[in-house]
Amino acid sequence: MSIGMVTLENIIDSLLGEDVFIVRVVETMRQNTLRVIIDAERDILLNETAEIVKKIRSSEEIRSLYPDGIKIEVSTPGVSAPLELSYQYKKNIGRKLKLFLYGGSNQKVIGILSDVKDEGIHLNSNGHDITFYSFEEIRKATVQVSF
9 MSIGMVTLEN
19 IIDSLLGEDV
29 FIVRVVETMR
39 QNTLRVIIDA
49 ERDILLNETA
59 EIVKKIRSSE
69 EIRSLYPDGI
79 KIEVSTPGVS
89 APLELSYQYK
99 KNIGRKLKLF
109 LYGGSNQKVI
119 GILSDVKDEG
129 IHLNSNGHDI
139 TFYSFEEIRK
149 ATVQVSF
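Those letters in the sequence shown? Residues 9 to 155, by the numbering used here.
Here it is in structure tokens:
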């Protein structure tokens, strides 16, 4: 990550509430767009993302980085985005996850997330057996939406 991107993330992070985290910042100069993906242990409401856009846009530091202006988009990862941070797992306890594990077989596991620890998660994959998977074993994890 470039020094400029670290500086940008630090500026944006200082404008967020204590319980809101930056997942990713993407700067697309061809489209003159700054896209900020945020998340929290709680649900983030639409009006909160609009307020964050206003804070970013009115920041003197952001204005000095983009003197000609820039389009700012703030959103949450969305239900189809992979889980990346431990608090994202915690807010999905009780939901069905699909895990893609590291290893030669490209193994996939589907089950109900029952617990999250500092080092990994517990997944109930067959209704009664709970298996522990360390975060190092998990290549990708997604919430499975069922209707």
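In this text, a Cβ means the ideal position worked out from N, Cα and C, and glycines have one as well.
Exercise. Cα-Cα, which of Y110, D21, S154 and S142 is closest to I60?
Worked result: Here residue 60 refers to the residue found at position 52 of the sequence shown. Comparing Cα positions, the closest option is D21.
Exercise. Using CA coordinates, which residue listed in L107, I46, R38 and V33 is at the minimum distance from I120?
Worked result: Mapped onto the sequence shown, residue 120 falls at position 112. Measuring from the Cα of I120, the nearest candidate turns out to be L107.
Exercise. Closest to D126 by CA distance: which of Y95, V87 and P75 is it?
Worked result: The count along the sequence shown starts at 1 and reaches residue 126 at position 118. Minimum Cα distance to D126 is reached at Y95.
Problem set entry | N-terminal and C-terminal residue of the beta strand (DSSP E) that L73 is part of | Walking along the sequence shown from the start, residue 73 turns up at place 65. It is not in any beta strand (DSSP E) - L73 instead sits in the alpha helix (DSSP H) that spans E68 to L73.
Problem set entry | Pair within 8 Å by beta-carbon distance, F29 and D47 | Sequence index remark: in the sequence shown, residue 29 carries index 21 (1-based). Sequence index remark: in the sequence shown, residue 47 carries index 39 (1-based). It is a contact, given that the beta carbons lie within the stated cut-off.
For this session: Could you check the C-alpha separation between L23 and V124 for me, to the nearest Å?
Result: Residue 23 sits at position 15 when you count from the first residue of the sequence shown. Residue 124 sits at position 116 when you count from the first residue of the sequence shown. The alpha-carbon atoms of L23 and V124 are separated by roughly 29 Å.
Exercise. In the DSSP assignment, what residue or residues form a beta bridge with F140?
Worked result: If you number the sequence shown from 1, residue 140 lands on position 132. According to DSSP, F140 bridges with H130.
Problem set entry | CA nearest to the CA of S72, picked from N132, K148 and T15 | The count along the sequence shown starts at 1 and reaches residue 72 at position 64. The residue with the shortest Cα to Cα distance from S72 is T15.
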